[in-house]
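Notes to accompany the following structure.
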Amino acid sequence: MQKVLLVRFGEVHLKGLNRPYFLRMLTENVKRAVKDLGGRVWLSDSRIYVADVEDMDECARRVSRVFGVYSVSPALEIEKEFEPIADACVEMMRGYSGTFKVLARRSDKRFPVTSQEMNEEIGGRILDANANLKVDVHKPQHKLHVEIRDQAAYICAEEIHAVGGMPMGTGGKAALLLSGGIDSPVAGYELMKRGVRTCAIHFQSPPYTGELARDKVLSLAKILGEYGGGMKVYLVPFTKVQLEIHEKCPEGLGTLITRRFMMRIAEKIARGFGAQALITGESLGQVASQTMDALGCTDAVVSMPVFRPLIGLDKIEIIEKAEKIGTYETSILPYEDCCTVFTPRHPVTKPKLSTMPDAESKLDVEALVNEAVENTEVVVV
Ligand code: ATP
Ligand code: MG
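As numbered in my numbering, the sequence shown has no gaps in its residue numbers, which increase by one up to the final residue, 395.
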């Protein structure tokens, strides 16, 4: 008998011919997550198993944060003999109270006791041993799963929901424009959840933005990185671009032109490391630069897809997500973002794309972009 973690995967099931590839990636990612716990990980009949770990709670916590995992259950692996299985079930249910139900499944039909017989016999023995439990077959508080598989039997009474999504690395590569705010970390998380390997790009404008802003962004990247494979952060010096825009462009379009430069620079960096898309935390109508007209003007300067997973969410919904993924507390620390430094008093909310070339005509766009990209610093968190 040994403790194991049963790992169930969700949507990976649907992947048809690519299924073996998705499962291989998922198994590798689970391995990486439990590596320093010394866990042994294997894939067998539509399930991943983790064994040989001392701290099963920590193991469950880690694996439940691996994208592609639907739920996990700390379980016992037992030899396929009825008596030891029944004894272990009674033991497992000793600390519980309330209502329960036994759910036996026998995928190995050579096992001599049927599922229904197991439900009844094991259920009866649990009732005899624990006066605090009652059977409720319709809406039980606790479900004791008993599975007779080919290699062994497994029993478990807890199912912990995991993050879901797709295995990291199966969704391509993208660059997240990461500010120190609440939105962009959530946007990054949403794409990472779909299996997208994500690097972060942050624009800083010293001396207008300080060390604090930089540390904050690195902390956010670190939290995101814990969901899979760490994170690389590209820190772009942005002061010169902002000063030039401030001096040489119409004031009402300052923020929008700033956003256009962010996109151009981000695209160039992204291509440099083989990314296929950009991700931002924009949400429709949140600020002047996020109206539909403004987004059209920002998109026009890049030729790769720009993903905005928060486009239809309210701030309250975004905050809830940020709290859930663990970035909120860091995001609300005070800091100066480069965007807030030169905010125009009356930003244009319905900019016309046709007016953009004229508004930017006094700038050497290419030189500014190249200079920023060349002086970008890379930090791995
Ligand atoms: P956040 O959206 O992260 O909460 P915010 O709402 O203050 O911050 P906006 O000014 O609305 O940010 O900018 C919209 C999006 O542009 C952000 O979600 C982010 O993707 C990107 N962005 C803004 N500032 C920066 C920056 N300094 N570095 C990198 N990306 C940025
Ligand atoms: Mg925002």
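Ideal Cβ positions, reconstructed from N, Cα and C, are used throughout, including at glycine. Source: prediction; values computed, not measured.
{"Asked": "Residues of its chain near residue 78, where Cβ-Cβ distance is below 8 Å and the 5 sequence neighbours each way are ignored", "Found": "85, 86, 174, 175, 176 and 177"}
{"Asked": "Buried or exposed (CB count within 10 angstroms, at least 16 for buried), residue 335", "Found": "buried"}
{"Asked": "Every unbroken alpha helix (DSSP H) inside the stretch 263-344 [4 residues or more]", "Found": "268-286, 306-313 and 329-339"}
{"Asked": "Inter-stretch contact at 8 Å, needing at least 3 Cβ pairs: the stretch 32-49 / the stretch 87-105", "Found": "no"}
{"Asked": "Ordered list of alpha helix (DSSP H) runs contained in the stretch 126-180, each at least 4 residues", "Found": "129-143"}
{"Asked": "N- and C-terminal bounds of the alpha helix (DSSP H) containing residue 237", "Found": "225-239"}
{"Asked": "Which listed residue (332, 208, 195 and 395) has its alpha carbon closest to that of residue 185", "Found": "208"}
{"Asked": "One or two residues paired with residue 218 in a DSSP bridge", "Found": "251"}
{"Asked": "Beta-carbon proximity list for residue 133, same chain, < 6 Å, skipping 5 on both sides", "Found": "116 and 118"}
{"Asked": "Nearest-angstrom Cα separation, counted from residue 15 out to residue 312", "Found": "60 Å"}
{"Asked": "Helix, strand or coil at residue 1 according to DSSP, with G and I counted as helix", "Found": "The structure shown does not extend to residue 1, since the chain spans only 15 to 395, so no value can be given for it."}
{"Asked": "Reduced DSSP secondary structure (H/G/I, E/B, other) of residue 113", "Found": "strand"}
{"Asked": "Inter-residue Cα distance where the pair is residue 393 and residue 282", "Found": "18 Å"}
{"Asked": "Endpoints, alpha helix (DSSP H) assigned at residue 37", "Found": "33-48"}
{"Asked": "Distance cut-off 7 Å: residue 306 Cβ against heavy atoms of the ligand ATP", "Found": "no"}
{"Asked": "Where residue 138 falls, given that 16 or more other Cβ within 10 Å makes a residue buried", "Found": "exposed"}
{"Asked": "Nearest neighbour of residue 200, chosen from 226, 218, 234 and 170 [CA to CA]", "Found": "234"}
{"Asked": "Pair within 8 Å by beta-carbon distance, residue 284 and residue 318", "Found": "yes"}
{"Asked": "Residue 369, buried or exposed, once every other Cβ within 10 Å from all chains shown has been counted against 16", "Found": "exposed"}
{"Asked": "8 Å Cβ cutoff met for residue 90 and residue 70", "Found": "no"}
{"Asked": "Beta-carbon contacts of residue 247 that lie in its chain and below 8 Å, excluding the five residues immediately before and after", "Found": "192, 213, 214, 215, 216, 231, 232, 235, 392, 393, 394 and 395"}
{"Asked": "Cβ of residue 215 within 8 Å of any chain D Cβ", "Found": "The chain inventory of the structure shown lacks chain D, comprising one protein chain alone."}
{"Asked": "Cβ shell of residue 386 (< 7 Å), same chain only, five flanking positions each side left out", "Found": "250, 251, 252, 255 and 279"}
{"Asked": "7 Å Cβ shell around residue 358 - same chain, five flanking residues per side excluded", "Found": "265, 266, 268 and 269"}
{"Asked": "Residue 295 CB to nearest heavy atom of the ligand ATP below 7 Å", "Found": "yes"}
{"Asked": "Element boundaries [beta strand (DSSP E), containing residue 17]", "Found": "16-23"}
{"Asked": "C-alpha distance - residue 366 paired with residue 303, whole-angstrom precision", "Found": "12 Å"}
{"Asked": "Closer than 7 Å: residue 340 CB and nearest the ligand ATP heavy atom", "Found": "no"}
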